[in-house]
Every structure is written in structure tokens, then in C-alpha cells.
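Going by numbering that gives the first Met the number 0, the sequence shown opens with residue 0, and the numbers climb by one from there. Please read the structure below before turning to the comments.
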Amino acid sequence: MKKISIAVLVLFHSTLFAQTTVQRDPEIEQMVKEVSADSIQSYIKSLVAFGTRNTLSTQKDPKRGIGAARNWILSRFNQFAKNSGGRLTAIIDTTTYAPDGKRVDTAINLGNVVATLKGTDPNDKRIFLVSGHMDNMRTSVMDRTGDAPGANDDGSGTAAVMECARIMSGHSFPATIIFITVAGEEQGLLGATFMANKAKKENWNIEAVLNNDIMGSNNSSETNIIDNTRIRVFSEGLPAYELDKNGKMIRQLGLENDGKARQLARYVKEVGERYVDNLNVVMVYRNDRFLRGGDHTPYVENGFAAVRITEMNENYYHQHQNVRKENGIQYGDLMEFMDFEYLRKNTAMNLCNLANLAKGPSMPQEVKVDVKNLTNYTILNWKQSASGKTKGYYVLVRETTSPTWQKKIFTADTNIKLPYSKDNYFFAVQSVSENGNESLPVVPAVGR
Ligand SMILES: [Zn+2]
0 MKKISIAVLV LFHSTLFAQT TVQRDPEIEQ MVKEVSADSI QSYIKSLVAF
50 GTRNTLSTQK DPKRGIGAAR NWILSRFNQF AKNSGGRLTA IIDTTTYAPD
100 GKRVDTAINL GNVVATLKGT DPNDKRIFLV SGHMDNMRTS VMDRTGDAPG
150 ANDDGSGTAA VMECARIMSG HSFPATIIFI TVAGEEQGLL GATFMANKAK
200 KENWNIEAVL NNDIMGSNNS SETNIIDNTR IRVFSEGLPA YELDKNGKMI
250 RQLGLENDGK ARQLARYVKE VGERYVDNLN VVMVYRNDRF LRGGDHTPYV
300 ENGFAAVRIT EMNENYYHQH QNVRKENGIQ YGDLMEFMDF EYLRKNTAMN
350 LCNLANLAKG PSMPQEVKVD VKNLTNYTIL NWKQSASGKT KGYYVLVRET
400 TSPTWQKKIF TADTNIKLPY SKDNYFFAVQ SVSENGNESL PVVPAVGR
């Protein structure tokens with residue numbers, strides 16, 4: 000297959016930096032092509048047909064409510080598993096949840112549908128997780144009987160997760176990928192909290208969580224903007240986890256913008272734009288939308304790198320609204336308001352990132368910046384990746400005010416001496432495979 004070379008980094012305005020090009024991996028390019036708007040639309044049609052997927056809704060009715068919905072998602076995952084040579088396995092991971100005096104007023108059986116595509120390298124303990132929430136709500140989150148289509152919130156994220164599983168289960172990756180559709184998001188992030196707490200307790204090596212919530216509509220309410228070429232990725236700045244422990248070092252080194260979630264957001268932007276045409280990944284420098292929450296947060300609070308992926312503009316006529324017509328406006332989260340071509344691109348953006356991460360080698364270890372002597376050079380050294388086939392490493396460089404990496408310098412060594420002062424630039428190191436699949440970047444620690 001012909002390799003397409005594309006520029007991924009904008010030419011830095013200083014003549015110090017030359018342009019870097021990175022190859023597309025033909026296997027990932029092929030998987031991206033397989034993402035189908037029709038397939039995504041058919042999943043959402045089926046999800047909407049369950050009438051309501053409110054977490055408090057019936058689990059006994061075979062055709063209506065969250066019980067029927069989760070059984071159907073499980074059956075789809077089991078169908079995909081047939082292509083996987085036994086590597087994809089799916090379960091409904093359940094727990095009981097007692098009334099909490101908030102958004103749960105009766106004991107419920109809470110169930111996440113979890114499909115795990117086991118990695119092929121037994122030495123590779125990494126897990127990459129993609130999430131959407133299957134539950135939904137009407138105007139009242141306690142209304143468990145009326146119709147709640149939930150086509151976009153979060154039929155879009157659920158369908159994206161399923162489409163990634165369908166395509167990726169036919170391919171093999173050294174690292175493990177978990178495709179999860181959770182319940183209880185609208186009731187207070189219950190399903191994601193259950194999963195994140197379990198992962199923390201059992202020491203799962205989750206390196207990245209992509210949470211997809213509301214990503215298939217291309218327009219805003221009130222302001223009438225239409226845009227299907229941009230998708231937002233939200234990431235926290237100061238890390239929620241162990242900030243007390245690490246705050247002093249973050250302030251001293253000026254790393255307020257270099258936490259795990261922010262690094263993941265940069266990665267998602269770079270790789271997403273590498274593989275998906277006509278899509279601009281817009282980083283938003285906050286954990287979530289203004290005063291609002293999402294399923295990535297329980298992971299963030301347990302110390303995992305997690306980001307939220309959401310459409311560029313939200314339409315509040317179609318979100319958390321009973322289906323009705325008022326003053327000529329149609330309210331409700333209906334399929335007719337979705338843009339499946341936009342959702343295809345946003346799904347592909349998830350897929351290429353998961354694939355690039357899971358195909359790539361693990362991160363370089365013990366990355367350090369040498370501070371033994373005062374010098375205008377920056378000297379970095381590290382130890383090789385614990386797993387995966389590494390062709391070499393990219394040393395990433397950016398000015399302190401730049402949101403994205405401006406330079407990728409390849410080296411096959413495990414150290415580098417650069418004529419750029421560590422006073423004036425940020426650095427990180429990532430491993431890279433023969434096919435150009437990069438690990439997440441590691442910010443150097445101080446090495447004396
Ligand atoms: Zn949602």
C-alpha cells in the first residue's frame with residue numbers, strides 16, 4: 000500500500016525548527032475507512048427503539064427500558080466477537096446501588112456493558128478504554144417511564160464505542176482495549192464511578208480513557224451555528240489526583256499545562272487530525288463544560304489520564320428534554336437532528352487514537368532532564384520502553400506559550416542533547432514503532 004506522508008506539525012515561526020512529517024499507518028488508515036455512518040445510524044435506531052434507557056427504568060421488559068438496551072448491546076458485542084478469534088469477550092458488569100437520596104430513589108441493579116479486546120503481547124499490561132453512556136433522561140432525571148429517545152445523549156457515544164469494537168475486533172493489538180457503555184451517567188456518573196473505582200482498586204494499567212458524550216449533532220440552539228468540521232476535547236489543567244503531593248513541583252517547573260489529561264488531549268488532536276480528513280480537534284482547557292460533568296471525571300479523580308470528547312456546539316432544545324412541540328420549536332433528543340457523517344468522523348477520531356496507542360510501544364521509562372550543570376543545552380535521557388517493538392523515540396518540543404508540540408525530533412538513542420534551553424521550552428519523549436505509532440509522551444523529571 001502506498002504510504003501517504005503528511006505534515007502534522009505547523010511550521011514553527013522560528014528558523015530554528017524544521018517541519019516534521021509523519022507517515023500514516025496503512026492498517027489504521029484502512030480501519031478509519033471502515034467506519035460507517037450507516038452502521039452507526041443503525042445502532043442509534045435500535046437504541047432509540049427501547050423507548051427509554053433511563054437508569055431507573057424497567058429491566059424486565061424484553062423490548063423497553065435499560066435492561067433490554069444493555070442486553071442488546073451485549074448481543075452486538077458478542078456478534079463482533081466472532082471475528083476476533085476469541086480475543087473479544089463481553090459481559091454486563093453489574094453491582095447493586097441503594098437509594099442515595101439524590102437521583103436514585105429505589106434499589107437498582109446497575110450494569111455496564113464491557114467488551115474487552117485482549118492484547119496479543121502477554122508482556123504488555125497496558126489498557127486503553129473508550130466509553131459512552133447508554134442511559135438517558137427526559138426533562139426530569141427521575142422520570143423512568145416516558146419516552147426518552149437519547150439519540151445524541153448519549154446514543155452517539157454508545158454507537159461510536161460499538162463501531163470501534165466492530166472494526167477493531169477484526170484486528171490485533173499488543174495492548175488491551177476496553178469498549179464500555181455505562182449506565183447511570185445522568186444519575187450521577189454511577190457506572191463510570193463503579194468502573195474507575197474497580198480499575199483503581201485492582202491496579203489496572205489504564206493509560207488513556209476517551210469518554211464520548213454528545214458528539215453527533217452539528218448545530219447550536221439559539222445561535223444557529225452549523226459546524227461539522229470541529230470536535231472538542233476537554234482536559235483538566237491542574238491534576239485532580241494527588242495535587243497536594245505534586246503541586247509544589249508543578250509550580251516550580253511551570254507544568255500547569257502538562258498534566259496527563261492535557262498530554263492525552265494533545266495526542267488525540269495530533270493523531271485525530273493525522274487520520275481523519277476535514278476534522279479539526281479543538282482542545283478546551285477545562286475538565287468539562289462550564290459547571291457540568293461527565294464520565295471521564297471518576298477516572299481523572301483516580302489518577303488515570305481521561306478526556307471528554309463532545310461536539311463543537313450543543314443544541315439544548317434536544318438535550319434532556321421531553322419530546323414536544325412548543326412555540327413552533329421541536330424539543331427532544333431525536334434522530335432527525337443528528338448528522339451521521341459528522342458522527343462518523345468523530346468515531347474515526349476515536350478509532351485512530353485507540354489503534355495508534357494500542358499498536359505503539361509502551362512509553363519510555365525514567366525520562367529525565369539533566370540539571371547537573373547550568374547550560375543552554377537541554378540534555379534528556381531515558382530508558383527503553385518496557386513492551387513493544389520500538390524503532391526509536393520522538394523528542395517533543397514547544398514554546399511555553401504554545402498549546403501544541405511544535406517539533407518532533409526522532410532519535411534511535413535513549414538520550415539527546417538539544418541546543419534549546421530548558422528555560423524557554425517544554426519537552427517530552429514518546430516511543431515510536433516502525434509504523435509510526437507513538438506512545439503517549441512522558442514529561443521529563445528532574446535528574447541530578
Ligand atoms: Zn450525556
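For each residue, glycine too, the CB sits at the ideal point set by N, CA and C. From a predicted model like this one, the values you see are computed outputs, not experimental measurements.
Buried versus exposed, by CB contacts within 10 Å (16 or more), residue i
i	result
Phe233	buried
Thr410	exposed
Gly100	exposed
Ser361	buried
Arg285	exposed
Ile3	Since pLDDT at Ile3 reaches only 43, below the 50 mark, its modelled position is unreliable, and the value read off the structure follows with that caveat. Burial call: exposed.
Thr14	Any reading at Thr14 needs caution, since the residue's pLDDT is 38, under 50, leaving its predicted position unreliable; the model's value is listed next. Exposed: under 16 other Cβ atoms inside 10 Å.
Ile328	exposed
Leu109	buried
Glu185	buried
Gln78	exposed
Ser259	Sequence check: residue 259 is Lys here, not Ser. Buried, by the Cβ-count rule.
Met337	buried
Gln29	exposed
Heavy atom of ligand 1 within 8 Å of residue i beta-carbon
i	result
Asp142	no
Ile308	no
Asp287	no
Gly156	yes
Glu33	no
Ile72	no
Ile213	yes
His132	yes
Glu184	yes
Asp152	yes
Gly190	no
Gly359	no
Gly236	no
Gly293	yes
9 Å Cβ cutoff met for residue i and residue j
i	j	result
Leu353	Ser438	no
Ser219	Glu313	yes
His319	Thr144	no
Thr57	Phe193	no
Met214	Ile308	yes
Ile179	Ala80	no
Val474	Asn53	With the chain covering 0 to 447 only, the question about residue 474 has no answer from this structure.
Val129	Val208	yes
Tyr376	Asn301	no
Ala427	Val442	yes
Ile378	Ile408	no
Gly131	Asp332	no
Phe49	Arg63	yes
Gly387	Asp123	yes
Tyr341	Ser216	yes
Ala195	Phe303	yes
Gly183	Tyr96	yes
Nearest candidate by alpha-carbon position, reference residue i, set the options
i	options	result
Gln405	Asp412, Ile415, Tyr419	Tyr419
Ile90	Ala411, Tyr392, Arg69, Glu206	Arg69
Asn223	Leu189, Gly246, Val299, Met311	Met311
Asn151	Gln22, Asn135, Val112	Asn135
Lys268	Asn345, Leu242, Val103	Asn345
Asn436	His317, Val322, Gln262, Arg273	Arg273
Leu263	Met282, Leu252, Val275	Met282
Glu26	Pro148, Ile225, Cys351	Cys351
Thr374	Ile126, Asn256, Leu417	Leu417
Leu252	Glu206, Pro148, Val368, Glu235	Val368
Ser38	Asn108, Asn111, Glu162, Ser83	Glu162
Thr363	Asn349, Lys59, Leu395, Ser171	Here residue 363 is Pro; the residue named in the question, Thr, does not match the sequence. Looking at the Cα atoms, Leu395 is the closest of the given residues.
Asn204	Tyr298, Trp381, Asn380	Tyr298
Val280	Ala347, Pro121, Ile166	Ala347
Asp146	Tyr330, Asn210, Val370	Tyr330
Asn380	Asp120, Asn245, Thr413, Glu398	Thr413
Ile43	Val366, Pro402, Arg343	Arg343
Thr475	Asn256, Val270, Glu433, Pro440	The chain is shown from 0 up to 447; residue 475 falls before or after that span and cannot be answered.
Lys117	Ile176, Gly246, Val275	Ile176
Thr157	Asp104, Glu201, Asp212, Lys324	Asp212
Arg288	Val275, Glu235, Gly246, Ser384	Glu235
As assigned by DSSP and simplified to three states, the class of residue i
i	result
Leu254	coil
Trp381	strand
Ser130	strand
Thr389	coil
Lys406	strand
Ala207	strand
Lys244	helix
Lys324	strand
Met141	coil
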